[in-house]
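Have a look at the structure below, then the notes.
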Amino acid sequence: KDEFIKRTGAVGNGYYDMKNTIFLNGDSATQGTVAHEVVHAVFHQKFKNTQNIRVAADRILNQMLKHSLTEQTKAEIKAFQQRYIDLSSRLLEEGDAASSERVLKELDEEGIAQLASILLNNYDALKPTLRSQIQDFLATIFKGLISFSDEGRAIEMLRVLAYKTTAGERIL
12 KDEFIKRTGA VGNGYYDMKN TIFLNGDSAT QGTVAHEVVH AVFHQKFKNT QNIRVAADRI
72 LNQMLKHSLT EQTKAEIKAF QQRYIDLSSR LLEEGDAASS ERVLKELDEE GIAQLASILL
132 NNYDALKPTL RSQIQDFLAT IFKGLISFSD EGRAIEMLRV LAYKTTAGER IL
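Given below as structure tokens:
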């Protein structure tokens, strides 16, 4: 754990450095952590700038929250986001308004990344409509690179990304 904090300056299970490297905390990272961090990497590679990332994450997350997710999954994502809201409040109380604002602006991206973690761990229990939306989402992200002809291929892609990241292999 101490080594992870020294290398990243972050506390948690994983960290994407916004360049090209995903760091995993060997003491606590799970396959879901890998999926979470891969979503950050894919969003940053695909959408290039913070504004585009925010717009895409907001649109995708809000669509899924409204129509596709179980109440339990919605609650898990909201609880995850609440940790960021609490962190933002603490930063503001400590006088770090800039960091507080940055944390709040990343809420939807964090929600999408956490959703990827939840989905990877519970894919077989998902409603068929949500499976289809995952397939559409991945098809959009990887347009021109990989074809997602069925739902199984989409989840297999998430698993391959998780494996390659865990093995330290290049994914993009």
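Residue numbering for the sequence shown is 12 to 183, as defined by my numbering.
No residue lacks a Cβ here, since even glycine has one placed at the ideal position from N, Cα and C.
It should be emphasised that the depicted structure is a prediction, and the values quoted were computed from it without experimental measurement.
Asked	Found
As assigned by DSSP and simplified to three states, the class of Leu-98	helix
Per-residue DSSP class, three states only, for Gly-6	Residue 6 is absent from the model: the chain starts at 12 and stops at 183.
Closest residue to Lys-89 among Lys-17, Ser-100 and Leu-76 (Cα-Cα distance)	Leu-76
Beta-carbon spacing of Ile-64, Glu-120 below 7 Å	yes
Beta-carbon proximity check, Ser-128 vs Ala-46, cutoff 7 Å	yes
Strand pairing of Gly-20, partner residues [DSSP]	Its beta-bridge partners do not exist; DSSP assigns none.
Cβ neighbours of Thr-19 in the same chain (closer than 6 Å, five flanking residues each side left out)	Tyr-26 and Phe-34
Range covered by the beta strand (DSSP E) that runs through Leu-35	33–35
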